[in-house]
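2 protein chains.
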Amino acid sequence: MNEHEPVLRLREIRSFCVGGCVRSVHGLPVQRRRLALGGPVRPVDPNGEHITGQMYVQAYLQAEPRHRLPVLLWHGGGMTGANWESTPDGRAGWLSAFLHAGFDVYVSDAVERGRASWSPWPDIYADAPLFRTLGEGWELFRIGPPGSYRRAAQERVAHAGQQFPVAAFEAFAAQWVPRWVGHEHITLVAYDALLQHVGECIVVGHSQGGGFALEATRRRPGHVAAVVALEPSGAPEAAAAAGVRLPPHLAVWGDYMGAHALWRRYRATADAYFDALHAAGMQASVCELPREGIAGNSHFPMLDRNSDTVAQRIIAWLDHTVRP
Amino acid sequence: MNEHEPVLRLREIRSFCVGGCVRSVHGLPVQRRRLALGGPVRPVDPNGEHITGQMYVQAYLQAEPRHRLPVLLWHGGGMTGANWESTPDGRAGWLSAFLHAGFDVYVSDAVERGRASWSPWPDIYADAPLFRTLGEGWELFRIGPPGSYRRAAQERVAHAGQQFPVAAFEAFAAQWVPRWVGHEHITLVAYDALLQHVGECIVVGHSQGGGFALEATRRRPGHVAAVVALEPSGAPEAAAAAGVRLPPHLAVWGDYMGAHALWRRYRATADAYFDALHAAGMQASVCELPREGIAGNSHFPMLDRNSDTVAQRIIAWLDHTVRP
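Next comes the structure, spelled out in C-alpha cells:
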C-alpha cells in the first residue's frame, strides 16, 4: 500500500460498447481450420453478419464524486485508452489523476482501436491499415529531433531536457495499435453516440483524439461543458467557429515544436481555430507549457515524467472554468 | 449509488504490457496519406521496427485484499478482457465479483487481441485473421441449437431455459475481435511472461483461454496455486499429466452440450486430461453446472443472467482449495 496515494473509492467499474451497426459479408470461401489448442479441424465460414463502427468505453464511477460532471479521456491515432492508465515506466496515469481529483472517468477505445475491434477489408473497410514504426513514433512524438532514431536504444539522441521516459520507449511502443485513414466520419459518429450516452461531460482528447474532441464538441455543444485538446493534430476549419455558441476550450502544447515541421503545421491549424473562437467571443485558452515554465514535454505529456504537473494544470483550469 | 453493492476500495488501477520483441519490416512502399482531420498529406513509411508478441494487462489492486493471491482472468478466442468487466445487458461482470470477494484481479488481452495490438501479415504474422459472424457465435456459443440463427433477432430460437441475455446479443457481438490461428506458441510465451511477472496466483481461463490456462499451469506449476478452466475448448494431451505435480484444477461446464457435436469433442479432450490428472493423484474437479441444479448456461456463464451464481460457485471452490 503506497501511503502517499489515497484509496480510490469506486461504486462501479464497468464497460460497454456504443455505436456500430450490422453489416453483411458475402461470397467469401469457407476455410477449414483448427481454432483451439488440441481441438479438431472445423469449417470456418466468414460469410454472414458482423458488427462494425462500434467503440469501447470503460466507466470508473466514484462512490462519492466531488465533481458534477465526468471526464471523458479520448486517445490519439494508433493508440488506445491504455494511454491514460499508466505511464510506460510504471507510474500512475491520468485516469488515476482525474479519479483522485474526484471526477468520474470514462476511458474509451475509438472505432477500430483496441477493444473496439475492427472489420475486414475490402469487405467492410475500404483499405488496409497502417502500422507505425518505432522510428516514426520516436520522431513524430517529438522524443528526439528528425533523424535521431536509431535501432539501438543507446544510440538514440533525445531532445535536451526531454521529459519522456526514454528508457521505456519500447514499453510505450508495445501499446501502439494499427490505424486506418479516412475513418474520421465513422469515428465521430461513435463519439457522438458516446456523448449522447453519457450526457453533459468534460472531454479531454489527445492528438487525433484532440481533433475529434474539438469537432464532436462543435457538433453537440450542449453535451460538453468544457473541452481540453492536448496537442491536437487537427481542428475544425476556422470558419466553423462563426455563428455558434461553444463551451470553454483549452489547448495544451508541449515542447520542441520548432524542430518539427509537421507539428508547426498541426499547431497552425489548431491556432487558427482557437483564434476564430476567441474572435467570436468564446473562451479559447492556449496553454503552451514551456511559456509557463514547464519545459521538456513530448507529444505525450500524460506519459512524460512531469505528467502529474501537467494533469494538475488542466484540473486547475477545469476547477476554474466548469460550474461545480 | 447502488446501496446493495459495497464500495470498491482500490489502492491502484494500472496497466502494462508483457512479452513481445522487436521485429523489422523491409521493402514495403512508402505511402502518402492524410492521417488527421484537417491535417496535411504526408509520407508514411511502414519499413522499420515494430513490437510484436506482447500482451496487455490491467491490474486492479485492493487497498486491503482479503486473499493472499491475485486472480488472473484470461478471455477466450476472438474476445478481449472486456468479457470480464460487464455483461452485455449491463450487469456487473466477474471482475467486480472477484474484487468484491476480496481478490486483487488482473484482466488481460491475449496476444493480437484488443489492446495487445496485432502485427501485419505476411510481414510478421504468416496469415490473415478470421472474423466471427453473428450466426457462428449464436450457435457455437450454445445460445441456440445448430441452425437456429436468423438475421432478424425476433426469429432466432434460443435453447429452452437459456440464461444468456439474448436481447443483448448484438451488444455482445460488438465486443468480438478478429483472431488468428496458429498463434498458440506466441500466446503461451506471453502468458508465461505474465505468470513470471505476477508471481504466485490463481488463473481463471475461459474457452480458448481455458486451454491456455491449463497448458500455462502445466509449464509453470510453481506459479499457479489453482486453475479454473471455464468451458475450455482445448487441453493438454492426457499423457502430459504423467510425472508432474500440478496444483488443483477445476473445470466448469454449462448446459446444452448434447446438442452441439463440436462441444462434445472439446469436452472429451478436457475430460481425458482431467481424468489423467485424477488418475495420477492430483486434484482435478469437474463441475457440470446442470448436475448441480444450475441449468441453462451458455458457453459464457460469466455473461449469463445467473453469472453471479456461477461466480460464487467458483469463489467457494477457491476458498476451499487455496491456502488463505
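Protein chains in written order, with my numbering: chain R, 450 to 773; chain G, 450 to 773. Just so it is clear, CB atoms sit at the ideal spot from N, CA and C, and this is done for glycine as well.
For Q511 of chain G: DSSP bridge partner residues: Note: Q511 of chain G sits in a beta bridge opposite G:L459.
My output table needs one value for D494 of chain G: the three-state DSSP class, helix, strand or coil. coil
Anything in chain G within Cβ reach of Y574 of chain R, meaning under 8 Å, just list it in chain order. Simply none; closest approach about 11 Å.
If you count every other CB in all the chains shown that lies within 10 Å of the CB of D576 of chain G, and 16 or more means buried, which is it? exposed
Against chain G, does R460 of chain R count as a neighbour if the rule is that its beta carbon must be under 8 Å from one of theirs? yes
Between the alpha carbons of R463 of chain G and Y505 of chain G, how many angstroms are there, rounded? 11 Å
Same chain, Cβ closer than 6 Å to G683 of chain G, five either side skipped, listed in chain order: G660
Contact under 8 Å by Cβ, R669 of chain G with D641 of chain G: yes
Length of the line joining the Cα atoms of V467 of chain R and R460 of chain R: 22 Å
Kindly indicate the opening and closing residues of the beta strand (DSSP E) around V693 of chain R. Here V693 of chain R belongs to no beta strand (DSSP E), and DSSP marks it neither H nor E.
Helix, strand or coil, according to DSSP, for T501 of chain G in the structure here? If DSSP states are grouped into helix, strand and coil, T501 of chain G belongs with the strands.
Which of helix, strand or coil DSSP assigns to L518 of chain R: coil
Measure from the alpha carbon of A512 of chain G to the alpha carbon of each residue in G:L548, G:A708, G:I500 and G:L726, then state which is nearest. Closest by C-alpha distance to A512 of chain G, out of G:L548, G:A708, G:I500 and G:L726, is G:L548.
Segments of 3+ residues assigned as beta strand (DSSP E) that fall wholly inside the segment 517-589 of chain G: 520-523 and 554-558
Could you check where the beta strand (DSSP E) with L774 of chain R kicks off and where it finishes? Absent from the model: residue 774 of chain R. The displayed extent of chain R is 450 to 773, so no value can be given.
Should M450 of chain R be flagged as near chain G, meaning a C-beta pair shorter than 8 Å? Residue placement at M450 of chain R cannot be trusted, given a pLDDT of 41 that sits under 50; the coordinates are not used to answer.
For V701 of chain G and P594 of chain G, the rounded distance between their alpha carbons: 20 Å
M450 of chain R classed as buried or exposed, judged by whether at least 16 other C-beta atoms fall within 10 angstroms: Only weak support exists for where M450 of chain R lies, its pLDDT of 41 falling under 50; the coordinates are left without a value.
Would you say Q603 of chain G reaches chain R, if we count a Cβ-Cβ gap shorter than 8 Å as a contact? no
What does the alpha-carbon distance come out to for the pair V556 of chain R and G648 of chain R? 15 Å
A691 of chain G beta carbon less than 8 Å from that of A729 of chain G: Contact: yes.
How big is the Cα-Cα spacing for F723 of chain R and H524 of chain R? Distance between F723 of chain R and H524 of chain R, taken at the CA atoms: about 21 Å.
Could you give the first and the last residue of the continuous beta strand (DSSP E) run that contains I763 of chain G? Note, I763 of chain G: premise wrong, no beta strand (DSSP E); alpha helix (DSSP H) at S756 to T770.
Under three-state DSSP, which class holds G659 of chain R? G659 of chain R: helix per DSSP, three-state reduction.
Which stretch, first to last residue, makes up the alpha helix (DSSP H) that contains R481 of chain G? That residue, R481 of chain G, is in no alpha helix (DSSP H); its beta strand (DSSP E) goes Q480 to R483.
In chain G, what lies closer than 9 Å to W625 of chain R by C-beta? Residues of chain G passing the Cβ test: H499, I500 and S566.
Let me know if Q507 of chain R comes out buried or exposed under the rule of 16 or more other beta-carbons within 10 Å of its beta-carbon. buried
Limits of the unbroken alpha helix (DSSP H) element including A719 of chain G: Taken as a continuous stretch (DSSP letters only), the alpha helix (DSSP H) holding A719 of chain G covers A710 to A728.
For a contact defined as C-beta to C-beta under 7 Å, what are the partners of Y505 of chain G on chain R? A531
Considering only C-alpha positions, which residue in the set R:R564, R:G539 and R:R481 is nearest to W625 of chain G? R:R564
Would you kindly report the start and end of the unbroken beta strand (DSSP E) that includes E741 of chain R? Note, E741 of chain R: premise wrong, no beta strand (DSSP E); not H, not E.
For R482 of chain G, which residues from the same chain have a beta carbon less than 6 Å from its beta carbon, with the 5 sequence-adjacent residues on both sides left out? V493
Which residues bound the alpha helix (DSSP H) around A622 of chain G? F618 to A622
Determine which residues of the segment 514-546 of chain R have a Cβ less than 8 Å from any Cβ of chain G, and write them out in chain order. Listed in sequence order: G526, T529, G530, A531, E534, S535, G539, A541, G542, L544 and S545.
Using only CA atoms, which one of R:V479, R:D538, R:H516 and R:L711 lies nearest to M751 of chain R? R:D538
Rank R:H499, R:V471, R:V653 and R:L767 by C-alpha distance to the C-alpha of A585 of chain G and give the top, closest one. The question names Ala, yet the displayed sequence has Glu at residue 585 of chain G. The option with the nearest alpha carbon to E585 of chain G is R:H499.
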